[in-house]
Every structure is written in structure tokens, then in C-alpha cells.
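Worksheet: one structure, shown below.
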DNA sequence: TGTTAGCACTCTTTTGTTTTGAGTGCTAAC
DNA sequence: GTTAGCACTCAAAACAAAAGAGTGCTAACA
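Chains as they are written, first to last, in our numbering: chain P, 190 to 543; chain F, 190 to 543.
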């Protein structure tokens, strides 16, 4: 079902204008602003065709036209002008990014802020998923005889530490033993391969003090599991409230509740991210009630071969896809390069003989 | 300006009903539901008096009455029935609290969720302010020659750790030196007393490697400063959107933007918390534009003598003060006792000879 | 003197009606 | 194939009328 070039142009004009003005667009308007060489009557004929073909819909018999999901889809896939992040924007983004280099999660949040800020929509991301990464080593550091710090280090040198408070004192030898057994049993495994069973083996190996170590091992186990759970980050939660499609509080509430529902968001991101490729989901193409009237642009960022995360932008169907897509592409690209060479980042670098 | 007992009763009836129904309350309604022994005409006279005295206002000439800020104030200070957290609620709260004991910040978030859930309003808290607490010690742990873990331990055994990635390798002696100097210079000081000057002294003491350590020291300094900054936690962000006072999106948006504005929230909490005492701020009694039409119940929780945080609930003037106050009192009380004896908490406890 | 029935009056809310205007589809002419 | 012209449609705005909740005031009552 190839559209004539003129139909394509007119469809594009409708989508562009609807994205800009959020009002059904009529024949006269298109004639005036996009095709002065044509009369409104001609455009009217074309619009009627496009409607019949399913690219446009009317809100009532005598209204202007609004893009259907198919209309948006066609627009995104072949009509829209690829928006190039402009030089100034690149400069601004870079400046923002370079100024604020801290830890990975802080950095991801910062990137999200930029995404939300530059698109004026709501940006979402998961923290990186370490479950496919391997555990390099486990440290247990005694702060004093009542306080131990548990430290997990992954192959990507990501560190997770949690304090453990004890009821009765322990001594150095005990901790050294524990540490050595933990490392021989767990170091080198990928996080998702570490199960209760490993801990049973560990408990056995530690022999005598069976009861004593149960709690501490439980804690180690749950901390490892926490590295598997990825957090949800949000930015620009309230950005959409200014848009006409959210002038109804009930709708606004539904949206806000959706984005604060970690479980649903996790699922949505998971179901709609497509490996390395940026993906655009329009309306409820996916038959997900929650996404009714909402569109999603999702992409993946990469910390290492096995450690990746998902980030995206959510907004009304009527969003500036071009801008959103190019921003996300640019930002995820930058997380990838930055993260992969993080050890060389200028802020934390130290050289003993500097 | 003492009110007659009858006037007090009528004022209480108005506030109670307005809190419940969110509609201006009229004389007949009060007569029927609260004072069947009086006629609506009598009540009308009393209402007119209360209005003249400033306790009530009308929304238009022939409307029912709504409490003024003075009306709410009087209600909160002397009229309302103190709500007692019921046995079931106590049980529920306790169960929720006891089930989910993890780290302090996780715990505070959990308490906030309970506060927001039981009041159906928005709950806010700051993380504990450590600036008045003392730094017990500083650890630098080598994970490998390129990765160091910085660990700060406070007198309350709160631990903050941050990984440092190095560009070129360092050796054990260097780290040992650094650690020893850091500890002799900084351990024992309260966090807010640690300044750039201390770090100048440290750099001097380390002598030769002046340039080399600059970055790492900078990082230690900024991490210490981060312990001074307290985070803002939120729960129940969207709870208010169901209320009639937020049926206007613009208002809802303003509110949501306010609670996501960390700087403003920090300031509001700071300006309105009153040491140990629970404080109720009604409307913009404090002349803060942002709090227009909003009320705030704030209290303090205590981790140790010098380490405290602020938590509160924010909602429309028309809130169930009684319930909110008693919930907050109960919850902050519980953080206090729990935090102060945290080392004995059952979940993480371990005993070598258990 | 405090209370209350009664009534006129006010103002919002609801409901219904009319007008306006943007936009369409169709027809006939170019 | 394009376009001018016109009748028609429908939402939104503007206006009008009616309903209803509530007040204040007056005059009578206990």
C-alpha cells in the first residue's frame, strides 16, 4: 500500500502540525502553511483518502484530522525529518555530562535529567542489570568487633557495600575464615548463578559454627540478590502535566501512578526494549492497557558486554519523535562510551607518581 | 478572646464536617447532624458571630461556612479530639516496621510509606543530618591496585563507602600512609568542622607526592561533604490528586513541582521544624507562597543526640490533623527507639558463638 | 433575653437554547 | 485532475432561565 508522494507529504504535514499545536488539523490550514500550490478542496480530497486508508481519523464528522496509530507509525518509520542534535545542544549536553561525573548511578540519573529536560517529557531508566556479570571477589572488612562491612566487587569493578551490625563481638580469624570460604565458593560465578545451594555448601564448609553464621550468610545472600534487582530512575515526572492531553486530573493521576509503579514500569521497559536497537512503541500497539494513549521510545545502554540497562522516554502519542529519538540515541551512545572507559575518567584519577 | 462553649462546639462541628465532606457547611446541616437541640436559625446567629470573630469565612454571600486559618489553628490547638492510633493500626504499623528492617535509609523510606499510606497524604523526610556527628574513622581498602574503596565510619557506626577508580596503580604502602595521615588529622572531628584547611594540612604532611594525591583528597573531601547534605525522601506523591482541592491540573502541577523541588522542600522542612516538638503549620502562616493552601505537620526523629532528621506530612489545609498528628508522633517515636538500639536489631545480628 | 419560624434575597449550579465558526463532502465548472 | 462554491454538521461559546442551598433580618414566642 504505497502512498503517492503527495499523500505522504500531506500526511507528514498533518502529523507535524498536530505534534506542534495539539489540535485537529484542517484542509485550509495545510493549504496555507504547507502547500500553497494546492487548494483546500484538493487537500480535502487527499485527506478523505488518507482517512479511508487508515492513516488519519476525525474526532467528529466535521472536525479536522488527527493521526491514527498507523499514521504515527508511518511518520516515525519513513516520513519524519531526522532531527540532528544541533551543535549548541551537543555542547550543552556534553558540558552537563562532563561536569557531573560521579558514580555510575548518579551519572545515569544525570543523563535522565538531560533526556527529560531536552524533550520536556518523562524519562525512565533501570539501573544496570548485573545479573549476567561475574562476581570478582567478596571482602569482609572489620570496622570494629561489632561492625563489619560487606563488599562485593564485580568484574566491571562496580562495588556494592553494606554494613553489618553484630550483637556480640567477633574476632579477626573468624572473619578471615568466612571470607576465604565465601570467595572460594562464589568468586568467579555470574550473579544470577548464585543460589541458596551455594550457601548450603558454604555453611557446611564452615562446619562447627553452623547456627552462628546463618544470619550473616543470609545477609550476604540477600545483598547479592539486591545487585540483581535493578532500580527504576525517573526524571521529569511532572513535565507532561502542562500538556493539553493531561488537562484532566484523572488522566494525569493515572499517568503519575503508572510511572511510580515500579513493577509495571519494569515490565513495560522489559517488554518493549529490543536488544541494542532503539525502539518506538506507539499507543497501545502492545495491547498494554496502561500505555493507552502513551508512546514510548526505549533504548539500551551498555556498561560491559554482560551488564546493560534500559532507558527511555514516555509521553503522549503526539510527541516530537524525531527529537526524542535523536536525544536518546545520543545519550545512550554516550553512556556506553563513558562507562566502558570509566577507569580513565578525569575526576577520580590518581597516580602515585603524578 | 474566649469563645463560649457553644461557639466552640459549633466551630468544631464546622471544621469536622468540612474535613470530611470538603463542602462549605451550612446552618441546617449542623443543626441536623450535630445539634438537634438547636434550630438552624440559632446556629445561623452563632455562625455569623464566628465569622465576625475571624474563625470562619464564606466563599460567597449566600454560601455555607469554611474554616479560616485561625479556625483551623483553634481546632488543632484546643478543639479536636485527639485521635488515638487504634490497636489494629498499631499492630499493622508494627508488623510493617518489623518485617522490613534493613539499612537506616531504607527503614526511613518504609516509615514514610506507612505515614503516606495511613494518612492518604504526601509524606516527606530528610535523611539524617550527620553534620553534628563525629567521624570515627576513615578506611581505605585496596580492592586491587587500580581500585580503592573509601569508607567513612561515624560515631553512630553509620558507614558510607565510595569506590575510587585510579588511572595508574598504587601500592599498599602508599595507601597505608595516606590512611594514617587522614585518620590522625580527621578522626574525632565532627563532620561540619572538617574544612578545606584540614586538607591543606594533610597535603603538607604527605609532603613529596603533592600533585599525586590532590585528586584523591578532593574526592575524600567531597564525600565527607556529601554526608552533610541530606537527601529528601518522598512517599505518596500522587495521593493528593484525588482530592477535590486538586481537581484543577494547574494546582496539582504546582504542588507536584513543589514536592519535587528538593531545595524548596529542604528549606520548608528546616524552617518549620521545631526541635523535638511536633509542629503544625496551617496554610501560609509562615508567609511562604509555596505553601499557600497547604498545611504541614512536621516532627523530628533522632538517631543519636547529634544526628537527627525531619519528617512530615503535607496536604491541603483541610486534612485530618488529629490522625496525621498521632500517626507521625507514633512513627517518629518508633524510629527513635529503633534507631537508638539498632545494633541489637534481630535481622542482622550475628554471634560467633551463637 | 435568648430562641426560632418565616420570608425575602443572593449567588452558584444546573439545564436548556441559540449562535458562531471551523471544517467537511459534494457538485459543477474549469 | 483541480478548484470554487455551497449546504451541511458538530463542538464550543454565549446567553437565558430555573432550581436550590444558604444567608440575614424581622417579628413573635417562652
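Yeah, the Cβ is synthetic: ideal placement off N, Cα and C, and Gly gets one too.
Problem - Beta-carbon contacts of residue 433 of chain P that lie in its chain and below 8 Å, excluding the five residues immediately before and after - result: 211
Handout entry: Assigned exposure category for residue 439 of chain P - 16 Cβ within 10 Å defines buried
Key = exposed
Practice task
Would you grab the beta carbon distance between residue 354 of chain F and residue 342 of chain F for me? Rounded to a whole angstrom, and I think it's under 8 Å.
Solution key: Contact doesn't hold; Cβ gap of about 22 Å is too wide.
Handout entry: the region 345-354 of chain P contacting the region 371-380 of chain P, beta-carbon criterion three pairs below 8 Å
Key = no
Problem - Near-chain F residues of the region 406-432 of chain P - C-beta to any C-beta below 8 Å - result: 408, 426, 427, 430 and 431
Problem - Short-range partners of chain P found in the region 326-348 of chain F, where Cβ spacing is below 9 Å - result: 326, 328, 330, 332, 333, 335, 336, 337, 338, 340, 342, 346, 347 and 348
Practice task
Give a yes or no on contact between the region 302-316 of chain F and the region 507-518 of chain F, applying the rule of three or more CB pairs nearer than 8 Å.
Solution key: yes
Handout entry: Contact list for residue 223 of chain F against chain P, beta-carbon separation under 9 Å
Key = Within chain P, no residue comes near residue 223 of chain F; the closest Cβ sits about 32 Å away, beyond 9 Å.
Problem - Option nearest residue 359 of chain F by Cα separation, candidates F:411, F:205, F:336 and F:490 - result: F:336
Problem - Check whether residue 485 of chain P and residue 468 of chain P have beta carbons under 9 Å apart - result: yes
Exercise for the section: Kindly indicate which residue of P:329, P:319, P:382 and P:195 has the alpha-carbon position closest to the one of residue 420 of chain P. Expected result: P:319
Practice task
Given a cut-off of 9 Å, decide if residue 199 of chain P and residue 218 of chain P are closer than it, judged by their beta-carbon atoms.
Solution key: no
Problem - Proximal chain F residues relative to residue 548 of chain P, where beta-carbon distance stays under 7 Å - result: A question about residue 548 of chain P goes unanswered here, because the residues of chain P that appear run from 190 up to 543.
Problem - Residue from F:235, F:259 and F:295 with nearest C-alpha to residue 524 of chain F - result: F:295
Problem - For residue 356 of chain P and residue 405 of chain P, the rounded distance between their alpha carbons - result: 11 Å
Exercise for the section: Tell me, please, whether the region 241-248 of chain F touches the region 259-270 of chain F by the rule of three or more beta-carbon pairs shorter than 8 Å. Expected result: yes
Handout entry: Other residues of its chain near residue 235 of chain P: CB distance less than 8 Å, five sequence neighbours each side excluded
Key = 195, 196 and 199
Practice task
Output yes or no for whether 9 Å exceeds the beta carbon distance between residue 502 of chain P and residue 379 of chain P.
Solution key: no
Problem - Sequence-distant residues of the same chain with beta carbon closer than 7 Å to residue 332 of chain P, five excluded per side - result: 338
Exercise for the section: Tell me whether residue 273 of chain P is buried or exposed, calling it buried when 16 or more other Cβ atoms sit within 10 Å of its Cβ. Expected result: exposed
Practice task
Taking all protein chains shown into account, decide if residue 225 of chain F is buried (16 or more other Cβ within 10 angstroms of its Cβ) or exposed.
Solution key: exposed
Practice task
Could you tell me the distance, in whole angstroms, from the CA atom of residue 264 of chain F to the CA atom of residue 455 of chain F?
Solution key: 28 Å
Handout entry: residue 454 of chain P - partner residues in DSSP beta bridges
Key = The partner list for residue 454 of chain P (beta bridge, DSSP) is empty, contrary to what the question assumes.
Exercise for the section: Classify residue 331 of chain F as helix, strand or coil using the three-state DSSP reduction. Expected result: strand
Exercise for the section: Enumerate in chain order the residues of its own chain whose CB-to-CB distance from residue 474 of chain F is below 7 Å, with the five nearest sequence positions on each side excluded. Expected result: 258
Problem - Cα-Cα separation, residue 329 of chain P to residue 298 of chain P - result: 29 Å
Handout entry: Closer than 9 Å to chain F by CB, residue 449 of chain P
Key = yes
Problem - Under 9 Å between C-beta atoms of residue 413 of chain P and residue 383 of chain P - result: yes
Practice task
Starting from the beta carbon of residue 352 of chain P, find every residue of chain F whose beta carbon is closer than 8 Å, and list them in chain order.
Solution key: 292, 346, 347 and 348
Handout entry: Top-ranked residue by Cα proximity to residue 293 of chain F, from F:393, F:490 and F:450
Key = F:490
Problem - For residue 413 of chain F, three-class secondary structure by DSSP - result: helix
Practice task
Since I believe residue 386 of chain F is in contact with residue 370 of chain F (beta carbons under 8 Å), could you give me their beta-carbon distance rounded to a whole number of angstroms?
Solution key: Not confirmed; about 15 Å, so no contact.
Exercise for the section: Using a Cβ cut-off of 9 Å (strictly closer), state whether residue 310 of chain P contacts chain F. Expected result: no
Handout entry: Limits of the alpha helix (DSSP H) - the one that residue 306 of chain P falls within
Key = 293-308
Problem - Residue interval of the alpha helix (DSSP H) (run including residue 232 of chain F) - result: 229-241
Exercise for the section: Quickly, what does DSSP pair residue 351 of chain P with across the bridge? List them, please. Expected result: P:339
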